[in-house]
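Novice:
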Amino acid sequence: MPAAATATPDKIKDANTRYHDAAAATYDAKWGIDYGSVGQGQVRAKLAKALGEPPNPFGEALEIGAGTGYFSLNLLQLGLIGRSTATDISPGMLETLAARAVALGLEAEAVVAEAERLPFGDRSFDLVFGHAVLHHIPDLRRAFGEFYRVLRPGGVIAFCGEPSRHGDRIAALPKRVGLLAAPIWRRAVGASAAGPSINGPGDDHELEFEVDVHAFAPDELRELLRAAGFGEARLQGEELLASAHGWLVRTLEATAEPAEVPNGWRNFAFRSYMTLQRVDADLLEPRLPPELFYNLVLSARRPG
Ligand SMILES: C[S@@+](CC[C@H](N)C(=O)[O-])C[C@H]1O[C@@H](n2cnc3c(N)ncnc32)[C@H](O)[C@@H]1O
Numbered sequence: 004m005p006a007a008a009t010a011t012p013d014k015i016k017d018a019n020t021r022y023h024d025a026a027a028a029t030y031d032a033k034w035g036i037d038y039g040s041v042g043q044g045q046v047r048a049k050l051a052k053a054l055g056e057p058p059n060p061f062g063e064a065l066e067i068g069a070g071t072g073y074f075s076l077n078l079l080q081l082g083l084i085g086r087s088t089a090t091d092i093s094p095g096m097l098e099t100l101a102a103r104a105v106a107l108g109l110e111a112e113a114v115v116a117e118a119e120r121l122p123f124g125d126r127s128f129d130l131v132f133g134h135a136v137l138h139h140i141p142d143l144r145r146a147f148g149e150f151y152r153v154l155r156p157g158g159v160i161a162f163c164g165e166p167s168r169h170g171d172r173i174a175a176l177p178k179r180v181g182l183l184a185a186p187i188w189r190r191a192v193g194a195s196a197a198g199p200s201i202n203g204p205g206d207d208h209e210l211e212f213e214v215d216v217h218a219f220a221p222d223e224l225r226e227l228l229r230a231a232g233f234g235e236a237r238l239q240g241e242e243l244l245a246s247a248h249g250w251l252v253r254t255l256e257a258t259a260e261p262a263e264v265p266n267g268w269r270n271f272a273f274r275s276y277m278t279l280q281r282v283d284a285d286l287l288e289p290r291l292p293p294e295l296f297y298n299l300v301l302s303a304r305r306p307g
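Residue numbering for the sequence shown follows our numbering, beginning at 4 and increasing consecutively.
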């Protein structure tokens, strides 16, 4: 749900920093982020979808809004990027990323930076990429100008997991169903209701609804790429059934005490999500227009 129309760019960026700092420690668990073969497979598939072909390794890569490292660290493990510079507006998210990189034995430079003002020289990177970040950025024209500036001629821009306008609307339905069904679901799995705030007062979780600024129509993203100077854009839709399922599950789980949600339920939810993701990818994504899906993925090249 986009932030209020009265929110200024500075307020939006401040809300993003505080919200993601507060979320950093539990972020991977909340979103089921994995750094083993499952996570690597997901990230490879998403990048391939954005590029329209299986990815070849890139040399210098810059991630925007890298968070805890879902894309950067998995791409490093896959050998699909040579050197990683991971940026984010939230120092807390990057601290988690840096600790995870050490635990995985990876080298990733972490730099606190906002997308609209990148502290890097012109033509520094072969790949600029991100996952689920564009919709948080107030001034997208300026940010796309920066992405173009820091890319080498011939370099590639690729973003995945951006909410489509239609998808944003349809996500409201599983969320409503989840809230209605929550008491029955909690009884069925034997979990009690969560307290008013899972992490206690002052945890900044009330900012959840202030951090999202955009949901996109495919043509808006094409226009941003074109205006920044990029060549022909590639755009595709991603996840319909899987995202509805994901919102339903997250809504249900958010109403229960986390420690009381049984592992059997979590395994079932994860396996059914993966099955629906395959149905989306194999049957729906090749046949339906991008705007129908929950997410959009995109790529383009800086002309050589
Ligand atoms: C939804 S999270 C996604 C994190 C990670 N890419 C992932 O897929 O797990 C969005 C990330 O974008 C960062 N972010 C928000 N606004 C930003 C901005 N203006 N510039 C750079 N990063 C930003 C947030 O701090 C957060 O880590």
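Just so you know, even glycine gets a beta-carbon here, dropped at the ideal spot from N, CA and C. Please read all numbers here as calculations on a predicted model, not as lab measurements.
Report buried or exposed for Ser40, applying the criterion of at least 16 other Cβ atoms within 10 angstroms of its Cβ.
Specialist: By one-based count along the sequence shown, residue 40 stands at place 37. Flag for Ser40 reads exposed.
Novice: Let me make sure I understand the geometry here. Which of Glu149, Ala53, Lys52 has the alpha-carbon closest to that of Gly232?
Specialist: Within the sequence shown, numbered from 1, the residue matching residue 232 stands at position 229. Among Glu149, Ala53, Lys52, the Cα nearest to that of Gly232 is on Glu149.
Novice: Would you kindly check if the distance between the Cβ of Asn19 and the Cβ of Ile67 is under 7 Å?
Specialist: Here the question's residue 67 lines up with position 64 in the sequence shown. Here the question's residue 19 lines up with position 16 in the sequence shown. No, they are not a contact pair.
Novice: Could you pull the start and end residues of the alpha helix (DSSP H) that Val192 belongs to?
Specialist: Along the sequence shown, read from residue 1 onward, the residue named residue 192 stands at position 189. 168-192 is the extent of the alpha helix (DSSP H) around Val192.
Novice: How is Phe333 classed by DSSP in three states: helix, strand or coil?
Specialist: Summary: the structure shown does not reach residue 333, with the chain confined to residues 4 through 307, and so no result is reported for it.
Novice: Compare the Cα-Cα distances from Leu279 to each of Arg305, Trp250, Leu255 and report the closest residue.
Specialist: As a position in the sequence shown, residue 279 is number 276, starting the count at 1. When each option's Cα is compared against that of Leu279, the closest is Trp250.
Novice: To the nearest angstrom, report how far apart Phe61 and Glu211 are at their CA atoms.
Specialist: Here residue 61 corresponds to residue number 58 of the sequence shown, with the count starting at 1. Here residue 211 corresponds to residue number 208 of the sequence shown, with the count starting at 1. The C-alpha of Glu211 is placed about 34 Å away from the C-alpha of Phe61.
Novice: Kindly list the residues whose CB is nearer than 6 Å to the CB of Leu143, restricted to its own chain and excluding five residues on each side of it in sequence; keep chain order.
Specialist: Here residue 143 corresponds to residue number 140 of the sequence shown, with the count starting at 1. Closer than 6 Å at Cβ, skipping near neighbours: Leu227.
Novice: Between Arg103, Ser246, Asp171, Arg152, which has its C-alpha nearest Glu119's C-alpha?
Specialist: Position 116 of the sequence shown, counting from 1, holds the residue named residue 119. Nearest C-alpha to Glu119: Arg152.
Novice: If contact is defined by three or more beta carbon pairs under 8 Å, each pair taking one atom from either stretch, is the segment 23-31 in contact with the segment 118-133?
Specialist: no
Novice: Entirely within the segment 113-175 and at least 3 residues each: give me those beta strand (DSSP E) ranges in chain order.
Specialist: 128-134, 154-166
Novice: At the level of alpha carbons, what is the spacing between Leu134 and Arg269?
Specialist: Counting from one through the sequence shown, the residue named residue 134 turns up at place 131. Counting from one through the sequence shown, the residue named residue 269 turns up at place 266. The question names Leu, yet the displayed sequence has His at residue 134. In a straight line, the C-alpha of His134 is about 24 Å away from that of Arg269.
Novice: Measuring CB atoms only, is the segment 102-112 touching the segment 68-83, in the sense that at least three cross pairs come out at less than 8 Å?
Specialist: yes
Novice: Name, in chain order, the residues that DSSP records as bridge partners for Thr88.
Specialist: As a working note, residue 88 is residue 85 in the sequence shown. Thr88 is bridged to Leu65, Glu112.
Novice: Could you tell me whether the segment 252-264 touches the segment 182-194, using the rule of 3 or more Cβ pairs below 8 Å?
Specialist: yes
Novice: Select from Arg86, Leu97, Gly267, Ala174 the residue whose C-alpha is nearest the C-alpha of His248.
Specialist: As a working mapping, residue 248 is identified with position 245 in the sequence shown. Cα-wise, what sits closest to His248 is Ala174.
Novice: Looking at the secondary structure, which residues open and close the beta strand (DSSP E) in which Glu241 lies?
Specialist: Residue 241 sits at position 238 when you count from the first residue of the sequence shown. Glu241 -> beta strand (DSSP E) spans 237-241.
Novice: In chain order, which alpha helix (DSSP H) runs of at least 4 residues are fully inside the segment 256-299?
Specialist: 266-282
Novice: For ligand 1, which residues have a Cβ under 5 Å from at least one heavy atom, in chain order?
Specialist: Asn19, His23, Gly68, Gly70, Tyr73, Asp91, Ile92, Ser93, Met96, Glu117, Ala118, His134, Ala135, Val136, His139, Ile140
Novice: Might you give, ordered along the chain, the residues of its own chain that have their beta carbon closer than 7 Å to the beta carbon of Met4, omitting 5 neighbours on each side?
Specialist: Working through the sequence shown from its first residue, we reach residue 4 at position 1. Because Met4 sits at a pLDDT of 49, beneath the cut-off of 50, its placement in the model cannot be relied upon, and the following sentence gives the value as read from the coordinates. Around Met4: Phe212, Asp215.
Novice: Which residue from Leu83, Glu235, Leu100, Asp283 puts its Cα closest to that of Thr90?
Specialist: Here the question's residue 90 lines up with position 87 in the sequence shown. For the residues Leu83, Glu235, Leu100, Asp283, the minimum Cα distance to Thr90 belongs to Leu100.
Novice: Can you find the residues in the same chain that come closer than 6 Å, C-beta to C-beta, to Val192, ignoring five residues on each side of it along the sequence?
Specialist: Mapped onto the sequence shown, residue 192 falls at position 189. Closer than 6 Å at the Cβ level, and outside the excluded window around Val192, lie Pro265, Trp268.
Novice: Please check the pair Pro293 and Leu238, which I expect to be a contact at CB under 8 Å, by giving their CB distance rounded to whole angstroms.
Specialist: For the purposes of this step, residue 293 is taken as residue 290 along the sequence shown, with counting starting at 1. For the purposes of this step, residue 238 is taken as residue 235 along the sequence shown, with counting starting at 1. That belief holds up - the Cβ atoms of Pro293 and Leu238 are roughly 6 Å apart, short of 8 Å.
Novice: Which residues in the same chain as Ala111 place their Cβ atom closer than 6 Å to its Cβ, once the five residues preceding and following it in sequence are excluded?
Specialist: To locate residue 111, count along the sequence shown from 1; it is residue 108. Here the set comprises Ser75, Ser87, Ala89, Ala104.
Novice: Use the C-beta contact count for Asp285: other C-beta atoms within 10 angstroms, 16 or more gives buried, fewer gives exposed.
Specialist: As a first step, residue 285 is located in the sequence shown; it is residue number 282 there, counting from the start. It is exposed - the Cβ of Asp285 has fewer than 16 other Cβ atoms within 10 Å.
Novice: Between which residues of its own chain and Leu295 is the CB-CB distance below 7 Å, once the five residues before and five after are set aside?
Specialist: Residue mapping note: residue 295 aligns to position 292 of the sequence shown, counting from 1. Here the set comprises His169, Gly240, Leu243.
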